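Chains as they are written, first to last, in our numbering: chain A, 2 to 115; chain B, 2 to 115. Remarks on the structure that follows.
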DNA sequence: CACATGCATCGATGAGTGTCAATATCGACC
DNA sequence: GGTCGATATTGACACTCATCGATGCATGTG
């Protein structure tokens, strides 16, 4: 389901291809929302995995809405979730964040590029 | 017009605030589109400023549509444009890209966080 | 001044998105 | 097995957005 073909060269290095742009836009759409940004940050800034029940009280939104946003973050490959008994815990996928960070890098760094 | 209050701590460092999330979401919405990603990359990967007339042939889209996307990138503070005679040239604002890069950093680096 | 060219703006339209209430599912516990 | 609490799914609705054709505006040229 998750493509993540490759496409990680910084935007500023060379013009991004059409397909890469489409795939990256999906991931960026997932973070281009105030609620999902906060959700992602709340999950990422924790030492332990985060229960949905811990996230709900942080928002003035219904439970289905939060569930919906979490699903979008999951489908974008930014977080993963797992059921443990009654609760569902989530955590971030660091590589996904690193990929975005590298995408916007302006100084190519060029460190041992093979 | 451009807020850019501050808000640059990585998402993974501490939970982002409501206002910062809203402001950042605007910028991210600007890049969360395949056409705008390619536009930004085309402009960023150049040595010289880029003329709109150089961008148009890269897309199967009407000129008003490209103009519309450029305006969104401009309003997001990602690029700037200037008229020079007949043509309008654009260039990226490196700080804006750096800000996004830092946002998704997973290793806080912690370099002299005075 | 008249005209051509490069780009921006406007208005309309179809597709996509965020939100909720209602309902379903899943696991725990009695 | 029945019930309850936690989360997911569904359907509907209002709203936003990407796109276009038509048009406007500015600049350069004959």
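Beta carbons: idealized from backbone N, C-alpha and C, even for Gly. As the structure is a computational prediction, the values presented were derived from the model and not from experiment.
| Asked | Found |
| --- | --- |
| Residue 37 of chain B beta carbon less than 9 Å from that of residue 45 of chain B | no |
| Rounded straight-line distance, which links the Cα of residue 97 of chain B to that of residue 54 of chain B | 24 Å |
| Residues that residue 30 of chain B contacts on chain A, provided the C-beta gap is smaller than 9 Å | 29, 30, 33 and 34 |
| Residue 59 of chain B: first and last residue of the uninterrupted alpha helix (DSSP H) it sits in | Note, residue 59 of chain B: premise wrong, no alpha helix (DSSP H); not H, not E. |
| Helix, strand or coil at residue 76 of chain A according to DSSP, with G and I counted as helix | helix |
| Inter-residue spacing [alpha-carbon to alpha-carbon] between residue 58 of chain B and residue 43 of chain B | 12 Å |
| Residue 51 of chain B, DSSP secondary structure in three states | strand |
| Nearest to residue 33 of chain B (by Cα), restricted to the options A/35, A/34, A/26 and A/39 | A/26 |
| CB contact below 9 Å: residue 75 of chain A versus chain B | no |
| Min CB distance residue 57 of chain B to chain A below 9 Å | no |
| Helix, strand or coil at residue 68 of chain A according to DSSP, with G and I counted as helix | helix |
| Beta-carbon gap between residue 81 of chain A and residue 91 of chain A smaller than 9 Å | yes |
| Coil, strand or helix - residue 15 of chain A by DSSP | coil |
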